[in-house]
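Line by line, the protein sequences are chains A and B. Heads up: the first sequence runs through residues 340 to 724, numbered per our numbering. Heads up: the second sequence runs through residues 5 to 281, numbered per our numbering. We put the CB at the ideal spot given by N, CA and C, even for glycine. Quick caveat, the model's predicted, so the values are computed rather than measured.
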Amino acid sequence: MLALVAPSIFFVALFFVAPLGLFLFRSVDNSEVPGWLPRTVAALSDWNGAGLPHEAAFRALGEDLAALSGSTALPLLGRRLNHNIPGFRSLITATGSRVDPRRDGSMREQLLQIDARWGEPVYWQTIRRERHVLTWFYLLTALDLRYGTAGGLERAPGESAIFLDLLGRTLGISAVVTLLCVLLGFPVAATMAASSPARANALLILVLVPFWTSLLVRSTAWVILLQNQGVVNQALVGLGLIGKPVPLIFNRLGLYIAMVHVLLPFMVLPLYSVLKGIRPELMRAAASLGAPPWTAFLRVYVPQALPGLVAGASLVFVLALGYYITPALVGGPGDQMIGYFIAYFTNTAVNWGMASALGTILLLVVSLIYVALGRIVGLDRLVVR
Amino acid sequence: MPRPPHETTLERVNHVAMRVLTALVLAYLVLPILVILPLSFTSGELLVYPLPAWSLRWYREFATTALWTQATWNSIVLAVVTTLVATTAGTLAALGLQGLRSRFKPVLYGLLGLPLIIPPVMVAVALFYYYARLGLVGSFWGLVLAHTVLALPFVVITIAATLQGFDANLPRAAAGLGASPLQAFRRVTLPIILPGVVSGAVFAFVTSFDELLVILFVGSPEQRTLPRQLWSGVSETMTPTVAAAAVVLITVSLVLMAVVEWLRRRGERLRTGATPS
């Protein structure tokens with residue numbers, strides 16, 4: 340029997356678990372620095388980090404960089420260290436192409452002659468700090484933290500401290516979308532649950548049609564509808580509700596409209612399956628025992644609906660956290676979520692460490708929610724249909 | 005639903021309010037699809053109402069521009085091959101898991117379901133990182149296997165659902181009557197689980213046909229599929245061809261999912277013992 344499952348497990352292991360594992364490991368992987376600067380790393384390990392290192396370290400760095408000269412490793416090393424200090428790239432490539440270890444005299448003099456920045460302790464301290472095969476640098480950066488000159492952790496300065504903001508924005512947008520889905524999804528699910536089977540089925544189709552349409556197509560539709568000259572603005576102007584078209588797209592409002600639309604079925608479907616099972620007699624019993632409608636609703640109906648509400652809301656929240664396509668198409672520059680920056684660090688900045696660190700944080704948040712959810716309602720309830 | 009006669013005014017107001025709200029929300033859900041459908045038949049250059057005239061102009065554009073036809077062809081080939089691989093592997097896995105008596109069963113289910121819960125953009129970026137190392141970026145089979153993994157959970161879940169009412173004694177009886185395991189599978193098991201297999205195959209096809217992010221990250225520029233072409237259409241030049249392409253994608257998804265829904269209802273009817281129509 341296991342042999343039948345083997346091909347699928349093999350595919351998932353090789354084309355899902357392995358890529359994801361290796362990618363996540365990239366957030367702490369630092370093999371490049373000790374790999375390409377072996378002599379320097381050895382020479383710096385007995386330096387206490389104060390002032391400038393001794394001549395042996397300058398000599399080691401000169402030899403390491405000369406060895407990399409002309410290979411693709413030199414610009415890659417430059418790019419790697421540039422993540423820590425902007426400008427490190429040019430320092431590395433210029434030094435690597437000009438240094439000559441065979442020349443007599445002090446290597447310290449030679450390096451300082453090539454670039455005076457080698458006289459600044461911060462560059463040496465950075466190499467020393469990054470001398471291990473693992474680094475916390477990316478994960479710390481993703482939490483707006485960095486190593487201070489004194490050695491301890493400190494908050495990153497204003498202009499580079501963007502990541503807690505990003506995390507907050509991602510959580511905030513997802514929370515608002517979830518809340519809107521609960522508010523809009525509950526009446527639909529409740530009406531469906533209270534309808535005759537035939538009518539419930541008809542209503543269900545109306546929920547399933549958007550659910551079956553791809554997310555990209557629905558986001559595309561909203562781009563078309565929400566444009567300044569688009570149908571929604573036309574209709575609002577035509578009804579006399581607004582004087583001239585208002586910006587509905589490339590801002591937070593447009594993002595909420597499109598994201599709630601895409602995610603609402605994930606709220607309605609699990610909620611409906613729970614509400615369907617609530618026996619109407621219980622509400623009538625509450626009423627006959629003297630409970631006013633609101634009390635009966637809050638104390639009899641809602642507690643029974645809670646598993647569906649929790650399941651639907653968590654599903655919507657978790658899916659929203661990882662959204663990329665819809666914010667990219669419908670949102671403005673200030674509405675991009677963590678997924679956008681994972682793609683940005685991959686495609687534009689080519690900084691795998693940061694892409695991976697943001698991915699790790701996203702996955703951590705998602706996993707925490709799933710674990711909590713598994714404890715509360717049981718994961719099998721989450722499977723839609 | 006008939007309303008009880010003792011209903012108070014407040015309850016009636018509440019009831020009407022719920023219905024109005026439900027109608028509004030459902031309108032919001034289907035509105036984009038309902039509005040974009042006529043727009044794609046405009047004869048004009050802009051996606052606005054009123055339409056100057058009805059026309060198939062943009063569908064003609066879609067069917068004759070090399071970018072769009074090539075993209076459609078690429079999507080179909082990729083989705084068909086993915087469907088074959090995913091349905092075969094998924095059917096075997098569902099059968100294997102059904103017969104498996106092991107405490108690792110939930111772990112295996114969890115492993116196969118993993119692609120459902122990881123954010124798609126992370127999957128795409130991780131695959132790009134991995135494929136870049138293996139030299140698989142831009143490879144057709146690289147895309148097929150990535151899509152297969154994304155489609156597997158749907159195939160396995162659908163077939164496992166069909167297998168729940170399956171009597172394991174049936175293939176045993178076939179074996180007792182002298183059928184080889186392959187014969188028993190082909191003549192007894194497969195006909196019974198076929199609706200589930202077809203549904204699973206449709207899910208696999210739609211998953212691959214609608215998939216964007218993996219293609220965007222690990223596909224070569226030549227591996228332009230319909231979603232990818234739509235994506236660049238929306239981000240660059242929004243012409244009514246984009247609306248026509250969107251309607252084509254909507255139609256494909258809806259027709260295929262209607263097949264799944266029909267099979268599901270049919271299965272439910274058969275299981276509950278009602279006479280099949």
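Residue i - partner residues in DSSP beta bridges
{"i": "A/L484", "result": "A/R494"}
{"i": "A/D368", "result": "A/L473"}
{"i": "B/W58", "result": "B/T46"}
Proximity of residue i and residue j at Cβ, strictly below 8 Å
{"i": "A/R485", "j": "A/W691", "result": "no"}
{"i": "B/T162", "j": "B/A90", "result": "no"}
{"i": "A/H600", "j": "A/R638", "result": "no"}
{"i": "A/A405", "j": "A/P440", "result": "yes"}
{"i": "A/P358", "j": "B/Y133", "result": "yes"}
{"i": "A/T509", "j": "A/M693", "result": "no"}
{"i": "A/G651", "j": "A/M606", "result": "yes"}
{"i": "B/P123", "j": "A/G661", "result": "yes"}
{"i": "A/F362", "j": "B/V129", "result": "yes"}
{"i": "B/L71", "j": "A/L545", "result": "no"}
{"i": "B/V127", "j": "A/G678", "result": "no"}
{"i": "A/T659", "j": "A/M622", "result": "A small correction: the amino acid at residue 659 of chain A is Ala; Thr does not occupy that position in the sequence shown. No. Outside cutoff."}
{"i": "A/L391", "j": "A/P496", "result": "no"}
Neighbour flag for residue i against chain B, beta carbons, 8 Å
{"i": "A/W386", "result": "no"}
{"i": "A/R398", "result": "no"}
{"i": "A/W561", "result": "yes"}
{"i": "A/P584", "result": "no"}
{"i": "A/A644", "result": "no"}
{"i": "A/R618", "result": "no"}
{"i": "A/S653", "result": "no"}
{"i": "A/S513", "result": "no"}
Alpha-carbon spacing of residue i relative to residue j, whole angstroms
{"i": "B/L116", "j": "A/T465", "result": "43 Å"}
{"i": "A/I596", "j": "B/S106", "result": "46 Å"}
{"i": "A/A529", "j": "A/L523", "result": "11 Å"}
{"i": "B/S328", "j": "A/P672", "result": "Nothing can be reported for residue 328 of chain B: it is not among the residues displayed for chain B, which extend from 5 to 281."}
{"i": "B/S203", "j": "B/E272", "result": "14 Å"}
{"i": "B/I197", "j": "A/G647", "result": "30 Å"}
{"i": "A/L343", "j": "B/T92", "result": "10 Å"}
{"i": "B/V251", "j": "A/T552", "result": "10 Å"}
{"i": "B/T87", "j": "B/G139", "result": "24 Å"}
{"i": "A/D443", "j": "B/G146", "result": "54 Å"}
{"i": "A/R730", "j": "A/R714", "result": "The requested residue 730 of chain A is not part of the displayed model; chain A covers only 340 to 724."}
{"i": "A/F397", "j": "A/L473", "result": "24 Å"}
{"i": "B/V159", "j": "A/M340", "result": "18 Å"}
{"i": "A/P604", "j": "A/P549", "result": "8 Å"}
{"i": "A/I431", "j": "A/L416", "result": "8 Å"}
{"i": "A/V723", "j": "B/V81", "result": "Note that A/V723 scores 41 on pLDDT, short of 50, meaning its location in the model is unreliable and no value can be drawn from it."}
{"i": "B/P119", "j": "B/L96", "result": "19 Å"}
{"i": "A/G491", "j": "B/L217", "result": "40 Å"}
{"i": "A/E394", "j": "A/H422", "result": "26 Å"}
{"i": "A/L383", "j": "A/A389", "result": "11 Å"}
{"i": "A/A532", "j": "A/Y663", "result": "33 Å"}
{"i": "A/Q452", "j": "A/A433", "result": "12 Å"}
{"i": "B/D214", "j": "B/L154", "result": "12 Å"}
For residue i, the first and last residue of its enclosing alpha helix (DSSP H)
{"i": "A/G713", "result": "W691 to I715"}
{"i": "B/V85", "result": "A70 to G103"}
{"i": "B/Q168", "result": "Premise fails: B/Q168 is in no alpha helix (DSSP H) and is neither H nor E."}
{"i": "A/Q452", "result": "M446 to I453"}
{"i": "A/Y462", "result": "P460 to R468"}
{"i": "B/V210", "result": "L194 to D214"}
{"i": "A/Q643", "result": "V641 to L660"}
{"i": "B/P110", "result": "K109 to I121"}
{"i": "A/I664", "result": "I664 to V669"}
Contact with chain A by residue i, beta-carbon distance below 8 Å
{"i": "B/V39", "result": "yes"}
{"i": "B/E65", "result": "no"}
{"i": "B/P175", "result": "no"}
{"i": "B/S203", "result": "no"}
{"i": "B/R23", "result": "yes"}
{"i": "B/L30", "result": "yes"}
{"i": "B/G223", "result": "no"}
{"i": "B/T91", "result": "no"}
{"i": "B/G103", "result": "yes"}
{"i": "B/D171", "result": "no"}
{"i": "B/P123", "result": "yes"}
Test: residue i CB closer than 8 Å to a CB of chain D
{"i": "B/E15", "result": "In the structure shown, chain D cannot be found, because the protein chains are A and B."}
Near the ligand NAP: residue i beta-carbon under 7 Å from a heavy atom
{"i": "B/P124", "result": "Judged by which ligands are present, the structure shown has none, so any question about the ligand NAP falls away."}
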